[in-house]
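Every number in the numbering used here is 787 more than the matching position in the sequence shown, counting from 1.
Data block below; observations after.
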Amino acid sequence: MPDAHTASVSALLLAGGQASRMGGHDKGLLDCAGQPLIAHVLARIAPCVAGILISANRHLDRYRAYGYPVLDDAQADYPGPLAGIARGLEHCMTAWLWVVPCDAPQVDAQLLTRLMDACRETQLPAAVPIEAGHAQPTFALLRKDTLAGLHTYWDQGGRGVHEWLATLPAARVECSDHPEWFVNLNTPEELVEYLARD
């Protein structure tokens, strides 16, 4: 169960991409050590949040089998992760939404704690982890009321998660001591390499 620190947080798993670098295979459902990738991510984050949402646009029944609400994109033709984030904020029943990619099997609850601490200390509505000098926007923590600004950005033609986050007052949270949290398995080669590690 989530502790008092994270009881106001839901997690949104982004599983809706085209996965072109994976040959079009649905990344969240790819086998990783005997389980779909998304199962590894769920095992790490479900115990530390109050709710889970899954953003997907195919194989919806397979994702629903995990027992969590599955949100498909309101727009057709794979509009990108920002569309999934918008749907997550629209359906989020808690004050905060933590975004997590479905292909990050080493994400850790400590990351959420750092992001929550930063938002509470700064009173800002968003927090973005920084690893080796690079922002990791698809691991951001967002207050639910950031949805209004997202709608404005979208209506003006914006589609980039990083660019939208740049319009927000957001805490930048240093996480370079844990690069493994942000490992994304984007290609078949990366998946093979990950499985072959010691």
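Yeah, the Cβ is synthetic: ideal placement off N, Cα and C, and Gly gets one too.
Remember, it's a predicted structure, so these values are computed and weren't measured experimentally.
Out of the options, state which residue places its alpha-carbon closest to the alpha-carbon of residue i.
i: A882; options: H846, L934, R959 and L847; result: L934
i: Q910; options: R930, F926 and P924; result: R930
i: C906; options: V960, L869, P924 and R946; result: V960
i: C962; options: R901, A873, G815 and L817; result: R901
i: C879; options: L816, D932, G815 and H965; result: D932
i: K851; options: E877, L829 and G945; result: Per the sequence presented here, residue 851 reads as Arg, with Lys not at that position. Comparing Cα-Cα distances from R851 to each of E877, L829 and G945, the minimum goes to L829.
Give me, in chain order, the residues of the same chain whose beta-carbon lies closer than 6 Å to that of residue i; leave out the 5 immediate sequence neighbours on both sides.
i: S795; result: T881, A882 and W883
Looking only at its own chain, which residues have a Cβ that is under 8 Å from the Cβ of residue i, when we skip the five neighbours before and after it?
i: T939; result: none
i: A922; result: V915, P916, H949, L952 and R959
So, using beta-carbon positions, are residue i and residue j closer together than 8 Å?
i: G875; j: A843; result: no
i: S797; j: A837; result: yes
i: P947; j: L869; result: The question names Pro, but residue 947 in the sequence shown is Gly. Their beta carbons are under 8 Å apart, which means G947 touches L869 by this criterion.
i: T925; j: G936; result: no
i: L799; j: I872; result: yes
Look up residue i in the DSSP assignment and give the residues it is bridged to.
i: D818; result: P823
i: A914; result: L928 and A958
i: W883; result: V796 and R930
i: L898; result: None; L898 has no bridge partner.
i: A922; result: I917
i: V857; result: I841
Can you list, in chain order, the residues of its chain whose CB lies under 7 Å from that of residue i, leaving out five sequence neighbours each side?
i: A927; result: V886, A913, A914, V915 and L952
i: R845; result: D813
Per the contact definition of three or more C-beta pairs closer than 8 Å, is the stretch 847–856 in contact with the stretch 912–921?
no
Cβ contact check for the stretch 820–827 and the stretch 895–911: 3 or more pairs under 8 Å
no
Inspect the CB distances between the stretch 885–892 and the stretch 961–971 and report whether three or more fall short of 8 Å.
yes
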